[in-house]
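Line order of the protein sequences matches chains A and B.
Using the working numbering, the first residue of the first sequence is number 1078, and each one after it goes up by one.
Using the working numbering, the first residue of the second sequence is number 1078, and each one after it goes up by one.
Cβ atoms here follow ideal geometry from the backbone N, Cα and C, with glycine treated the same way.
Nothing here was measured: the structure is a model prediction, and the numbers come from that model.
For reference, the structure discussed in these notes is given below.
Number of protein chains: 2
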Amino acid sequence: MKIINGGICAPKGFLASAIEANIKYKNRTDMAMIFSKVPAISAGVYTTNLVKAAPVLWDRKITDSETVVNAIVINSGIANACTKDEGMEYCKQSAKKAADKLGVEEDSILLASTGVIGMQLPIDKICAGIESLSDSLEQGEKAANEAAKAIMTTDTVSKEVAIEFEISKKTVKMGAMCKGSGMIHPNMCTMLGFITTDVNISKELLLKALRDDVVDTFNMVSVDGDTSTNDSLIILANGLAENEKIVDENSEDYKVFKSNLNFVTTTLSKMIAGDGEGATALFEVVVEGAKTKETARTLAKSVVTSSLTKAAIFGHDANWGRILCALGYSGEKFDPDNMELYFESENGKILIYKDGVSVGFDEEKATKILSAKEVRALVKLNMGDFCATAWGCDLTFDYVKINADYRS
Amino acid sequence: MKIINGGICAPKGFLASAIEANIKYKNRTDMAMIFSKVPAISAGVYTTNLVKAAPVLWDRKITDSETVVNAIVINSGIANACTKDEGMEYCKQSAKKAADKLGVEEDSILLASTGVIGMQLPIDKICAGIESLSDSLEQGEKAANEAAKAIMTTDTVSKEVAIEFEISKKTVKMGAMCKGSGMIHPNMCTMLGFITTDVNISKELLLKALRDDVVDTFNMVSVDGDTSTNDSLIILANGLAENEKIVDENSEDYKVFKSNLNFVTTTLSKMIAGDGEGATALFEVVVEGAKTKETARTLAKSVVTSSLTKAAIFGHDANWGRILCALGYSGEKFDPDNMELYFESENGKILIYKDGVSVGFDEEKATKILSAKEVRALVKLNMGDFCATAWGCDLTFDYVKINADYRS
């Protein structure tokens, strides 16, 4: 496997475009389109929030069916959530517009929105935007970069990755882009994520791979504990790599596909966590030696979600008591008297807590370790063989600033 | 019922004291003692965190037994949590010291600590402190005020209340003090709370009253979503009011006692929420019309705990979408298309959302309502007859500041 350029346009047959539709933001792009030259199969995982945005309802119906997909239309600025019948009607109008322009079926168009909840989309601007997007579709790295920028809201950097790998001696490519950065929490964290690939795979296995993967990747990311109404992760596979179709979940080909998908989703998860609203550091929590996988996940997520721990990380303060505390209220059982806690970063590694008490560590060294851009807390439970990793960020003044008046 | 002065020293037979022991804070009191002239019965509810501080383990053994209680010794600055055998040994030494000085049994002394986790208590200072505390016990309002101040950590104001009411024509008094303000979350929120009363009641009903009450009061408070290792709420009843002993949970006397206890705990809960770390406003969330009490509680707590909602309250921003979102990810079922949402404060009341969409409210009026010191979100579910109230606060720059470097 190697990392390549080109984002979502890296795989064969995928084009993209981005334009300024003036939906809410001024002087920046705010709509993007992904298009596959040949119809693609799709799979999606969506927010578990009871309140689901209109485009989530629209997409789920399509990705859960056998219908092929030709394009995805995305807007930033307005979420089209809590918009009821009018919101659904705008989904239909948007899809119809794109379908007419691209010469495809209405139900082959997926939609995604991110931004303020409760506002109706300016449908005329959206339709005009779709027209421009359809006319300006392009292949290549630049088109992918522009699309990744257009879907940002409070993100400070655009997020994309692409790789190539071999399946049965054929070169397969996979590209992806996503946007974070607030309202991010386990159970679909990324507000919007899109993966394109030219692999040839059955619809059933594409969905299985995605579902099995997010449990350990996107769902292990937390920025602020809030699960959005719009979270969507969609993968399109158009088969243009011409590998022998993957149909057996026990095959080597499926394993290779899954491990490469995992690289892409892990990369995006860390990008989202590290660019959490106001974040100055990526905070990674690794729990090892748990009795079950689920225990490891729950404990890691509890620590990464703790506001007090996150504020301590911002202050480069080795306040390990807050980590013990967050492990303790997770609801999972473990033995605080038989575990170890380490802090780790590019600046070193330090044992902090063992056998029920602080080991009397060097505070200066700990602070130095916690001053890196990527900081890890490692918890060894010594109870079993399961481990899990969760990703988050520190809690900062800027998080509050960004969210005190987001709508204005 | 009427509100009176005197805090924990208001009920007959209760004395208090406070001193500077220099445990961690400088130039302020940091130890307090509550003493009952006659042995009192006790009840306690404690943190659900798996990691429990040494004094929690010490107290629970006593309040769960038939042993009477003579005094409570409290220190602020160091939590005596994650301190293992040494921490338990210091509990024993503290209790022995107090018992010797007061001429009572070692197991009639309750202990409470709040502050940094993982540090050992400076036991010599603690024992010297207990000596001074025992020598300076006093009755009256001033002693109670001083005790309430000594138990503060990052609290900005001390928190106490006292009331008197009648039970079977006898005057009964109840006093209380507590300290918040960080690491506050449902399932024992107050880090430390102490209630004194001269009522005559059976141990069984005292515990039942406390346990039934906290579900709707202390456990409905959230400042930051973190449940502390030290949370303790203890009530002492010494019987000096000489009312006929309350032994029947169906009696009028028990009902009167319970409703007065509820007034005291509700008052303290709101004080804790309103003085959450860095808070500029008390944020109250009322859920009405739920199918079950538990649903109402879960929904109210989900909103009051949402970082995004709390940041919006700080910004006086009527970002109701975040409230819908927080209701939606609570895990409870409701119909977003058949509910109403209002904002309310001393500055007025405004309908924001109804029948699945924003009602197109007056933003200026909404901002004015949200600019008050006490702000309420009222959710009407229209599904049943149950309601619940949760209390929290806004998320501010100061919260981050306080917690980025709490240990230094």
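- Residue contact check for A1389/A against chain B: a CB pair falls below 9 Å.
- Taken through DSSP and simplified to helix, strand or coil, E1281/A comes out as helix.
- Taking 7 Å as the upper bound on Cβ-Cβ separation, chain A lies near residues L1127, V1128 of the stretch 1127-1144 of chain B.
- Against A1367/A, chain B offers no close residue; the least beta-carbon distance is about 14 Å (beta-carbon pairs closer than 9 Å).
- For V1456/A, the closest Cβ of chain B is not nearer than 9 Å.
- Burial check for I1080/A: the Cβ neighbour count within 10 Å stays below 16, so the residue is exposed.
- Contact annotation: the stretch 1394-1401 of chain A does not touch the stretch 1082-1096 of chain B, with fewer than three C-beta pairs closer than 8 Å.
- Chain A places no beta carbon closer than 9 Å to that of E1417/B, leaving this residue out of the contacts.
- Among the residues of the stretch 1320-1346 of chain B, none has a Cβ less than 8 Å away from any Cβ of chain A.
- S1309/A is bridged by DSSP to Y1123/A, L1269/A.
- Positions of the beta strand (DSSP E) runs, each at least 3 residues long and wholly inside the stretch 1409-1482 of chain B, are given as 1417-1422, 1425-1431, 1451-1457, 1463-1470 in order along the chain.
- Among the residues of chain B, none has a CB under 8 Å from the CB of L1269/A; the nearest is roughly 15 Å distant.
- The C-alpha of G1405/A lies about 42 Å from the C-alpha of T1274/A.
- Neighbourhood of L1472/B in chain A, by CB distance below 7 Å: V1477, in chain order.
- Of all alpha-carbon atoms in E1097/B, E1208/B, M1416/B, the one lying nearest the alpha-carbon of A1224/B is that of E1097/B.
- Closer than 9 Å to the CB of E1166/B there is not a single CB belonging to chain A.
- Among the CB atoms of chain B, one or more fall inside 9 Å of the CB of M1196/A.
- Residues of the stretch 1148-1166 of chain A with a Cβ closer than 9 Å to any Cβ of chain B, in chain order: A1156, A1158, C1159, T1160, K1161, D1162, E1163, G1164.
- With its beta carbon at least 9 Å from every one in chain B, D1352/A lies outside the interface.
- For L1187/B, the enclosing beta strand (DSSP E) begins and ends at 1186-1193.
- Across the structure, L1282/A and A1120/A are spaced so that their CA atoms are roughly 9 Å apart.
- Between the stretch 1462-1478 of chain A and the stretch 1372-1391 of chain A there are three or more C-beta pairs closer than 8 Å, enough to call the two in contact.
- Classified as exposed, V1436/A has fewer than 16 neighbouring CB atoms from the shown chains inside 10 Å of its CB.
- CA-CA distance, D1471/A to F1091/B, rounds to 45 Å.
- Across the structure, P1116/A and L1198/A are spaced so that their CA atoms are roughly 28 Å apart.
- In terms of Cα proximity to I1118/B, the closest of I1311/B, L1338/B, A1220/B is I1311/B.
- Rounded to the nearest angstrom, the gap between the Cα atoms of K1431/B and L1214/B is 57 Å.
- Per DSSP, reduced to three states, the secondary structure at N1296/A is helical.
- It is roughly 7 Å from the alpha-carbon of A1367/B to the alpha-carbon of N1459/B.
- Per DSSP, the beta bridge partners of T1248/A are E1243/A.
- Contact annotation: the stretch 1328-1346 of chain B does not touch the stretch 1143-1163 of chain B, with fewer than three C-beta pairs closer than 8 Å.
- For D1212/A, there are no C-beta contacts with chain B under 8 Å, since the nearest C-beta of that chain is about 33 Å from it.
- For T1125/A, the nearest beta carbon of chain B is closer than 9 Å to its own beta carbon.
- At a cut-off of 9 Å, the C-beta of D1232/A has no neighbouring C-beta in chain B.
- At a beta-carbon threshold of 9 Å, none of the residues of chain B lie near Y1102/A; the nearest stands roughly 17 Å away.
- Three or more beta-carbon pairs separated by less than 8 Å are not found between the stretch 1225-1242 of chain A and the stretch 1120-1131 of chain A, which leaves the two stretches without contact.
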